[in-house]
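Following: one structure in structure tokens, then a few remarks.
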Amino acid sequence: MTDMNPGFFGRIGIAFGAFFGILGNAAFAGRVQRLREAPLAPEAAPEVSPEAAPQAPKAPQPPKPAAAPVQPAPSALKEASPVAALQLLGLLQRDARFIDFVEEDIAKYSDADIGAAARLVHDGCRAVLREHFSIKPVRGEAEGTRVTLQEGFDAAAVRLTGNVVGKPPFSGSISHRGWKVEDTRLPKLAPSHDASIVAPAEVEL
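Its first residue numbered 7, the sequence shown is counted upward by one per residue in the working numbering.
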């Protein structure tokens, strides 16, 4: 690129070159003449390459708000229908006089009388359960058996008692085998049946 502002010795060389150019070339002499007669133009600002041009500092961007943690949707609680519970209560009253026994004030009776009544209630309750439910132990081992519960055991089926410290695996003895219902066989009810009447009143004629 030609220097737009040559030094002293550079200007001497340009002067000699222009002198001999004017003498030997009429067209060149005319261009020099027109240049001398033209008004001086303001000095042009040096070109600056886009890479070299200073860039204005970018305004700081406001920090993005932290995304709120996604909360799991609360699971809807299942509303238990009271009809089946009322139906079972009615069966226990019908076959075992369960409500009569529980509602009776037994303080005035002797232990022998209570024991005899409890035997009748026990037999009736057991008959109802065996007729309408299939019930099995949660654990197949005998009570007192030492077992080890690994990580991920079903906490709904096995409840830890005693000194519960740390994380699985847990070792302990079975104090109760638990119960689970594998099948239910409650009688079907007519649409007009009022399940809240677990035992109708009796009128002797």
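Just so it is clear, CB atoms sit at the ideal spot from N, CA and C, and this is done for glycine as well. All values derive from a computational prediction rather than experimental measurement.
Query, Result
"Can we say the stretch 124-140 touches the stretch 157-171, given the rule of at least three CB pairs closer than 8 Å?", "no"
"I need the DSSP call for G158, collapsed to helix, strand or coil.", "coil"
"Which residues mark the beginning and the end of the alpha helix (DSSP H) in which D106 is found?", "F104 to E109"
"Which residue wins for smallest C-alpha separation from D106, given the options V209, V204, R152 and E210?", "V204"
"Within the continuous alpha helix (DSSP H) that includes V127, where are the two ends?", "D117 to H138"
"Considering only the alpha carbon of each residue, which of L83, A113 and D129 lies closest to A102?", "D129"
"What do you reckon, are the CB atoms on S179 and G146 nearer than 7 Å?", "no"
"Give a yes or no on whether the C-beta atoms belonging to V127 and L97 are separated by under 7 Å.", "no"
"Is DSSP giving K114 helix, strand or coil here?", "helix"
"What would DSSP say about H183, mapped onto helix, strand or coil?", "The identity of residue 183 in the sequence shown is Arg, whereas the question assumes His. Coil at R183, not helix or strand."
"Identify, in the order they occur along the chain, each residue of the same chain with its Cβ nearer than 7 Å to the Cβ of L243, setting aside the five sequence neighbours on each side.", "Lying outside 7 to 211, the shown extent of the chain, residue 243 is not represented and no answer is given."
"Would you say S202 and L92 are within 7 Å of each other, going by their C-beta atoms?", "yes"
"Report the CB separation of W185 from V144 in whole angstroms; it is logged as a contact under 8 Å.", "7 Å"
"Would DSSP call D200 helix, strand or coil?", "coil"
"What is the rounded straight-line gap between the Cα of A33 and the Cα of I20?", "18 Å"
"Which residues does DSSP pair with V89 in a beta bridge?", "In DSSP, V89 forms no bridge with anything."
"Under 7 Å Cβ to Cβ from C131, same chain only, skipping five residues before and after it: list those, please.", "L98, A102 and F104"
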